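Numbering follows our numbering, with no gaps: position 202 of the sequence shown is 259.
Even for Gly, the Cβ is constructed at its ideal location relative to N, Cα and C.
Just so you know, these numbers come straight off a predicted model, no measurement behind them.
Here the structure comes first, spelled out in structure tokens, and everything after it is commentary.
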Amino acid sequence: MKKVPLYLIAIILVSVLLSVFLTGCSPFGKIKKHKTIDLSNMQLVFEDNFDGELDKNVWQTSFEQPIRRGGYWTDEQTFTENGNLIIRTEYKEDGKHGAGWYTGTLLSQNIKEFKYGYFEVRCKAPAAEGLWSAFWLQSNSMANNLYTNDGANGAEIDIMESPYYNDPTLPADQYRNTTLHTVHVNGYGDDHLSENSKYFKVNKNMYTEFNTYGLLWTEKEYIFYINGCESWRTSFGVSQVPEFLWLSVEIAGESGSANPSNPNNKFTWAGEITNNPKSAMPADFVVDYVKVYQY
């Protein structure tokens with residue numbers, strides 16, 4: 058057997074190590090296509106396909122504070138159309154709170170709340186800089202800063218967020234069409250803690266095609282899914298209390314008084330909404346369904 062020169066062995070070893078290092082440091086995660094969600098032992102306990110008028114026995118579109126980051130959450134921006142839920146973002150000169158950017162929210166707080174299960178949305182994200190859609194779970198304890206035990210009394214669980222259409226701090230050709238998952242615990246003050254996944258590239262266009270985003274929440278861990286395949290799992294901050302469903306669109310920026318650290322009402326995450334061409338607005342978050350399964 059012919060001996061391999063030592064310098065070739067060294068080159069191969071360096072290449073392997075470099076590949077491992079670069080893979081480990083990559084901000085992008087890999088969706089595990091061989092690990093798919095198994096719902097065979099679970100029962101569908103909640104489903105809204107948004108056929109007909111919005112079910113006010115399940116959902117509320119009002120929020121105690123209409124000012125939300127760089128715009129407003131108002132009822133009329135959330136509605137059903139052609140069998141889908143629409144949350145529409147647009148600029149209004151004569152909006153109910155004056156001139157500004159308006160969008161909407163939809164949540165089941167104090168109406169439909171669930172403890173453990175599989176939660177899934179099928180949706181299209183809005184294609185515009187400076188805003189992002191989200192499907193998340195929230196607990197009343199977290200929302201009201203009444204918490205203990207690093208998540209046991211409730212958490213914010215972000216199943217899907219879409220702020221990377223044209224975030225100027227990130228190269229759009231790499232980050233557009235990606236999402237990530239995040240868990241927040243201990244309220245939103247000095248004790249706040251969070252853990253997030255890497256970025257996941259969605260295999261279908263998330264702005265023009267429907268994709269599904271799911272979460273399997275058990276007593277011990279969270280397992281996240283994109284189009285039925287596992288993307289991330291963590292045992293950080295596992296909530297042990299009921300959580301409500303939340304769909305929303307956020308407008309980047311700071312409403313109200315000027316923030317010296319954020320001049321010109323700009324927000325570093327997602328970019329600036331005024332950078333969009335006129336053709337980008339209105340921008341719609343389109344939701345086909347929300348489903349919840351439990352054992």
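Boundaries (first-last residue) of the beta strand (DSSP E) holding residue i
i: residue 195; result: 188-195
i: residue 105; result: 100-105
i: residue 245; result: Premise fails: residue 245 is in no beta strand (DSSP E) and is neither H nor E.
i: residue 256; result: 256-258
i: residue 215; result: 213-218
i: residue 279; result: 279-283
i: residue 290; result: 286-291
i: residue 269; result: 268-274
i: residue 159; result: 157-160
i: residue 262; result: Residue 262 -> no beta strand (DSSP E), and no H or E assigned at all.
i: residue 93; result: 89-93
i: residue 139; result: Unbroken run through residue 139: none, as it is neither H nor E.
i: residue 305; result: 300-308
i: residue 97; result: Run containing residue 97: none; DSSP gives neither H nor E here.
i: residue 223; result: Segment: none, residue 223 is in no beta strand (DSSP E) and carries neither H nor E.
Chain-order list of residues whose beta-carbon lies under 7 Å from that of residue i (same chain, five-residue window excluded)
i: residue 82; result: none
i: residue 101; result: 348 and 350
i: residue 35; result: One cannot answer for residue 35 here, as it falls past the ends of the chain, which runs 58 to 352.
i: residue 154; result: 123 and 129
i: residue 286; result: 88, 89, 90, 92 and 93
i: residue 289; result: 86, 238, 254 and 281
Under the three-state DSSP convention, the category residue i falls into
i: residue 206; result: helix
i: residue 347; result: strand
i: residue 340; result: strand
i: residue 201; result: coil
i: residue 110; result: coil
i: residue 150; result: coil
i: residue 132; result: helix
i: residue 80; result: Caution is warranted here: a pLDDT of 45 is assigned to residue 80, below 50, making its placement in the model unreliable, and the coordinate value is therefore given only provisionally. Residue 80 falls in the helix class under three-state DSSP.
i: residue 335; result: helix
i: residue 168; result: coil
i: residue 178; result: strand
Closest residue to residue i among the options (Cα-Cα distance)
i: residue 329; options: 220, 213, 210 and 102; result: 220
i: residue 346; options: 139, 211, 98 and 88; result: 139
i: residue 360; options: 246, 121 and 176; result: It is not possible to answer for residue 360, since the shown part of the chain is limited to 58 through 352.
i: residue 291; options: 208, 187 and 265; result: 208
i: residue 97; options: 112, 175 and 257; result: 175
i: residue 229; options: 327, 114 and 121; result: 327
i: residue 196; options: 188, 187, 111 and 215; result: 215
i: residue 121; options: 182, 127, 200 and 112; result: 200
i: residue 256; options: 231, 278 and 274; result: 231
Cut-off 6 Å between Cβ atoms - residues of its own chain near residue i, not counting five sequence neighbours on either side
i: residue 241; result: 213 and 251
i: residue 95; result: none
i: residue 249; result: 243
i: residue 179; result: 267, 269, 345 and 346
i: residue 217; result: 192, 236 and 270
i: residue 103; result: 349
Same chain, Cβ closer than 8 Å to residue i, neighbours up to 5 away in sequence not counted
i: residue 259; result: 234, 235, 236, 268, 283 and 284
i: residue 109; result: 137
i: residue 125; result: 160, 162, 307, 308 and 312
i: residue 117; result: 163, 164, 165, 166 and 168
Residue j beta carbon less than 9 Å from that of residue i
i: residue 340; j: residue 146; result: yes
i: residue 306; j: residue 184; result: no
i: residue 171; j: residue 300; result: yes
i: residue 210; j: residue 296; result: yes
i: residue 107; j: residue 164; result: no
Terminal residues of the alpha helix (DSSP H) in which residue i lies
i: residue 352; result: Run containing residue 352: none; DSSP gives neither H nor E here.
i: residue 232; result: 229-232
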